[in-house]
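Participant:
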Amino acid sequence: MDAKPLPKSDDGPVTGRPTVAVHKFTSCDGCQLAFLNLGDDLLTLAGLVDIRHFAEAGMVDPEAQVDIAFVEGSITTPDEYERIRRIRASSRFLVALGACATAGGLQALRNLNGLTQEWMAGIYATPAYIRTLETSTAISTHVKVDLELWGCPVNGRQVLGAVRALLFGVLPEREHDKVCLECKRERAVCVMVARGIPCMGPVTLSGCGALCPRFGRDCYACYGPAENANTAALGRRLAGLGLPPEAAAHRFHFINNGAPAFLEAGRRAAEGGFDDG
Amino acid sequence: MAEERDIRINVPVLARVEGEGSLHLRIQGGRIAELGLRIFEPPRLFEKFLVGRDCREVPDMVARICGICPVAYQMSAVHAIESILEIDPGPWVRAMRRLLYCGEWIESHSLHIHLLAAPDFLGFGSAPEMAKVHPAEVRRGLRLQAAGNEIIRVLGGRSVHPVGVCIGGFHHAPAPEAMRELLARLRGVLPDAEELVDWCARLGAGGAQRRLTCLALRHPAEYPMNEGRLTTGDGLDFGSSEFDRHIEEFQVPHSTALHALLHGEPYLVGPLARLNLNRDHLPVAVRQVMDSAGVRLPSHDMFHSMSARAVEILYALHEAIRLLETYEPAQRSAAEYRPRAGIGYSATEAPRGVLWHRYEIDADGRIVDARIVPPTSQNQACIEADLRASLEDQGLERPESELRALAEKVIRNYDPCISCATHFLDLTVDRL
């Protein structure tokens, strides 16, 4: 018997009691905590939707067909490469959750130098026992993603907003500001202007509430690149503040190093390409 | 039973363990001939990509090893690096780091008890399912978890991957009003924590009684978090710089993780080990609750680890309240320093047990070498030994479903935070 064809993401709102799955790939588990830290709202959510698979919360049915599949983590093993395809085929909406799923995560630093095998040998006596890919990549590298929630980690507001919107058959309103704007709204003093601290706020997507500048420290871009991020202008500013090329490159090649805008800007910074006065 | 059984309890995804695992048993002549706990956690190679980074970037990087215990990784890292840079951050920073760690213990232990382990003990598939029958108990747990998260949020901006910690101290000193609100909230959940100790004590024992070698930090004056020497309580005592002379970490083909052995033997780290070795440092108020609940120490029954976590939640709440009662914002929230070459070590008490870091940095403050030994890989050998003993005790002729349920409970007692085990491998070996 063939399974009934699953409605697709453009088929309109979900009817009946919606089904949800939370899947883990290569990650720290921190984005799943956006659900597990919801408190009472977690119990409310479990009543509103049918959580079919969420191993960390006790529900196990990895092959379940669901309306919304949340995917945490990046693709780093041959098994994960296969598994994400099966999940795509059995979900109506697929939501990539956090920096690992949207950009490959901090562990995508291995992609920069092609040293994965050498690094494996440096840690494991018999690396042949371990199957791992050369790269750590975002979910969208492999399958169609309906919605990306950026952040390291994502927060409860983001995941609940996504569930609500998707159940109505629409995509949630996207963050599109830069952290600088959030900073102004929060009336935080600009750490770069006031104290000369190299800050990633001008190129980073909003959504965190400008946590770092409010704490008097630099933004380190854990929410990833904003749309139309002017990385060249920031690159020149970082050089102007006295950051050597390697240090400036590290600012871009950090939590979201695999995001194309940061990957490219970091490479240019490393070559001293922004250091033109 | 003389019959030979070959059971693969393949739990492709082991529910409520962060990460995935499966267990393979080979039973011959009524004994376990072979036992392999497989845990699938792809390597992320943190120790390698830390090399070449500025040491100031390390706290924000290592936090990403574990979303449930990021504070522990930040704490071991800053202490190790500060020992190289010869920084003494002073009493304010010391107190605030202790407060931050209290938050993580409360959050992590509450999460484990209510969302991960208690459903096992009471026969539910998940916490939301358990909440239909025990709503007050689940909500009590969620309140405690939220209170722990709130401590981390006040000091670090958010509870997962907090942004407050830096080498030398904190980026930011919270305002007194924020700390007063936090204090009131923590006082409000003290009765919850007291009830929890009683409740966990009634969840019962039932594990295999065997001699466990416990390893934990020991501090002369206080219950250990950030400071102290490592001890087993029977004469072995060493500083964090001697860790790798006593503990050997190695890859085991039949298993999936780097195992760690203490002088060649399995050992236990974590709440029960800590409590067994440091119960004399608990304040009277905590001991009274413990005594009236019937929690007896020392215990070598891993099923008592639930009670140990509850006692530590109560302790951490008392300690956080004590630290907040005298809070004043610092003039300077972080000590200043200059880069300096050297090698530094630190062991701190993560919620799941001893977390050891070693860093070598160059004269410009760049990481030359990094080593991290998380608690879960230290407990791995102990988990396997416990599984072997517990399953044999219960009778191997039992149906697979019962063996599986018991095995899951045994494993979960160790609260193995699989993604915090930076070394867990996705291993494929033919075991037959």
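Residue numbers (my numbering), protein chains in the order written: chain W, 1 to 277; chain U, 1 to 432.
All C-beta atoms in this analysis are idealised placements derived from N, C-alpha and C, irrespective of residue type, glycine included.
If you're wondering where the values come from, they're calculated on a predicted model, not measured in any experiment.
1) Which class does U:G342 belong to by DSSP, given the choice of helix, strand or coil?
2) From U:D120 to U:R56, what does the alpha carbon distance come to, in whole angstroms?
3) Cutting at 6 Å between CB atoms, please list the residues of its own chain near U:L115, excluding the five before and the five after it.
4) Leaving aside the five residues before and after W:I68 along the sequence, list all residues of the same chain whose C-beta is less than 6 Å from its C-beta, in chain order.
5) Whole angstroms are fine: how far does the CA of U:H246 sit from the CA of U:D192?
6) Taking only three categories from DSSP, how would you classify U:D234?
7) Closer than 6 Å by C-beta to W:F54: which residues in its own chain qualify, once you throw out the five before and the five after it? Chain order, please.
8) Looking at the structure shown, is W:A270 part of a helix, part of a strand, or coil, going by DSSP?
9) Which of helix, strand or coil does DSSP assign to W:K144?
10) May I have the straight-line CA-CA distance separating U:V11 from W:E227, to the nearest angstrom?
11) List, from N- to C-terminal side, the beta strand (DSSP E) runs of 3 residues or more that fit wholly inside the stretch 305-353 of chain U.
12) If you drop the 5 nearest sequence neighbours on each side, which residues of the same chain put their C-beta closer than 6 Å to that of W:T135?
13) List the endpoints of the continuous beta strand (DSSP E) containing W:V20.
14) Please confirm whether U:A330 and U:G168 have their CB atoms less than 8 Å apart.
15) With a threshold of 8 Å between beta-carbons, can W:D278 be considered close to chain U, or not?
16) Compute the Euclidean distance between the alpha carbons of U:L323 and U:E150, then round it to the nearest angstrom.
17) Skipping 5 residues on each side, what residues in its chain have a beta carbon closer than 7 Å to that of U:L314?
18) Considering only residues of the same chain and omitting the five flanking positions on each side of W:R268, which have a CB-CB separation below 7 Å?
19) Measure how close the beta-carbons of W:L147 and W:L171 come, nearest whole angstrom, since I'm counting them as under 8 Å.
20) W:G98 and W:L149 look like a contact to me (Cβ under 8 Å); what is the Cβ gap, rounded to whole Å?
21) Please confirm if U:I68 has its CB atom under 8 Å from at least one CB of chain W.
22) Just reading off the beta strand (DSSP E) that W:A68 is part of, what are its end residues?
23) What are the boundary residues of the beta strand (DSSP E) that U:Q251 is part of?
24) If we cut at 8 Å on Cβ distances, does U:K48 have a partner in chain W?
25) Which runs of the alpha helix (DSSP H) spanning at least 4 residues fall entirely within the stretch 29-63 of chain U, listed in chain order?
26) So, under 8 Å CB-CB, U:T376 and U:R412 are touching, yes? Tell me the CB distance rounded to an integer number of Å.
27) Taking the beta carbon of U:A350 as the centre, do at least 16 other beta carbons fall within 10 Å, making it buried, or is it exposed?
28) Let me know if U:H304 comes out buried or exposed under the rule of 16 or more other beta-carbons within 10 Å of its beta-carbon.
29) Are at least three pairs of beta-carbons, each pair with one atom in the stretch 80-93 of chain U and one in the stretch 402-410 of chain U, less than 8 Å apart?
30) Whose C-beta lies closer than 6 Å to the C-beta of U:E319 among residues of the same chain, with five residues either side of it excluded?
31) Alpha carbon to alpha carbon, what distance is there between W:V179 and W:G207?
Facilitator: According to the structure shown:
1) The DSSP-derived three-state label of U:G342 is strand.
2) If you draw a straight line from the Cα of U:D120 to the Cα of U:R56, it is about 42 Å long.
3) Taken in chain order, the residues that qualify are A127.
4) If we look at W:I68 and ignore the five residues flanking it on each side, its Cβ neighbours are V20, F93 and L166.
5) Going by the C-alpha atoms only, they are around 40 Å apart.
6) The answer is coil: DSSP assigns U:D234 none of H, G, I, E or B.
7) Contacts found: V22.
8) Under the three-state reduction of DSSP output, W:A270 falls in the helix class.
9) Looking at W:K144 - three-state DSSP - the assignment turns out to be coil, as it is neither helix nor strand.
10) Low local confidence applies: a pLDDT of 47 at U:V11 is under 50, so the model's placement there is unreliable, and no value is given.
11) Qualifying beta strand (DSSP E) stretches, in chain order: 342-350.
12) Around W:T135, the same chain offers N111 as residues with beta carbons nearer than 6 Å, after the five sequence neighbours per side are excluded.
13) If you look at W:V20, you'll find it in the beta strand (DSSP E) that goes T19 to K24.
14) Contact flag unset, no.
15) With chain W covering only 1 through 277, there is no way to say anything about residue 278 of chain W.
16) Distance from the CA of U:L323 to the CA of U:E150, rounded to the nearest whole angstrom, comes to 15 Å.
17) Listed in chain order, the non-local C-beta contacts of U:L314 below 7 Å within the same chain comprise A193, E194, V197, V286 and V289, local neighbours out to five positions each way being set aside.
18) Excluding its 5 nearest sequence neighbours in each direction, W:R268 has C-beta neighbours in its own chain below 7 Å: G235 and F274, listed in chain order.
19) Right, their Cβ atoms sit about 6 Å apart.
20) Rounded, the Cβ-Cβ distance is 7 Å, consistent with contact.
21) Yes, U:I68 counts as interfacial toward chain W.
22) What sits at residue 68 of chain W in the sequence shown is Ile, not Ala. Run containing W:I68: V66 to E72, per the beta strand (DSSP E) assignment.
23) Here the beta strand (DSSP E) through U:Q251 covers I247 to Q251.
24) Judged by the 8 Å Cβ criterion, U:K48 is in contact with chain W.
25) Complete alpha helix (DSSP H) runs here, min 4: 46-49 and 58-62.
26) That belief does not hold up - the Cβ atoms of U:T376 and U:R412 are roughly 12 Å apart, past 8 Å.
27) The Cβ neighbour count for U:A350, taken over all protein chains shown within 10 Å, is at least 16; the residue is labelled buried.
28) Counting other Cβ atoms within 10 Å of its Cβ, U:H304 reaches 16 or more and is therefore classed as buried.
29) The stretch 80-93 of chain U, when compared against the stretch 402-410 of chain U, does not touch it at the 8 Å Cβ threshold.
30) Within the same chain, U:E319 has close Cβ partners C102.
31) Those two C-alpha atoms are separated by around 8 Å.
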